[in-house]
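Numbering (this note's numbering), first residue to last: 755 to 855. Glycine included, C-beta positions come from ideal geometry on N, C-alpha and C. Quantities reported herein were computed from a predicted structural model and do not represent experimental measurements.
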Amino acid sequence: MSDQLRVDRGSVQQHVDDTRSNMANFRETGEGADRQQAHLQNQMEGGVGSDLQAQTRSVSRHHGEEIDTNVNKLAGKTSENTDEFIANVRSAANKSLNTIN
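Given below as structure tokens:
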């Protein structure tokens, strides 16, 4: 009976790519909402509530940018950690095989 560990780099990369794709879809949705808020703000310009509308729009944009930045950092870190893990597993396997020989 042999123990096996298989790390499929392709599946991890697929997960990272899917995460980035989902983020792109989220960003498009956020940009659409931002355009709608800008349109409402332009309609309300100088009227009651225009300051609050501008504030809401600014906060929404900031949150969207922060989420985008964090998703990209997470995807990059996941990819780096996977590469490091695979390298460590290979190294440990090679050392074990060398000891057996």
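Residue j and residue i - do their beta-carbons sit closer together than 8 Å?
i	j	result
V843	T773	no
S814	A778	no
R811	Q797	no
V770	A846	no
Of the choices the options, whose alpha-carbon is the least far from that of residue i?
i	options	result
Q768	S845, E838, T832, K849	T832
Q791	Q807, H816, E819, N776	Q807
D762	A846, F839, T783, G818	F839
K765	T836, S845, M777	According to the sequence as given, residue 765 is Ser; it is not Lys. Answer by Cα proximity: T836.
E785	Q809, E819, G801	E819
R781	S804, L851, T823, G803	T823
Verify the CB distance criterion: does residue i have a CB-CB separation below 8 Å to chain B?
i	result
D762	The chain labelled as chain B is not found in the depicted structure, where only one protein chain is given.
Consult DSSP for residue i and reduce its assignment to one of helix, strand or coil.
i	result
G786	helix
M755	With a pLDDT of 45 at M755, under the threshold of 50, the predicted position of this residue should be treated as unreliable, though the coordinate-derived value follows. Reduced to three states, the DSSP call for M755 is coil.
G803	coil
D762	coil
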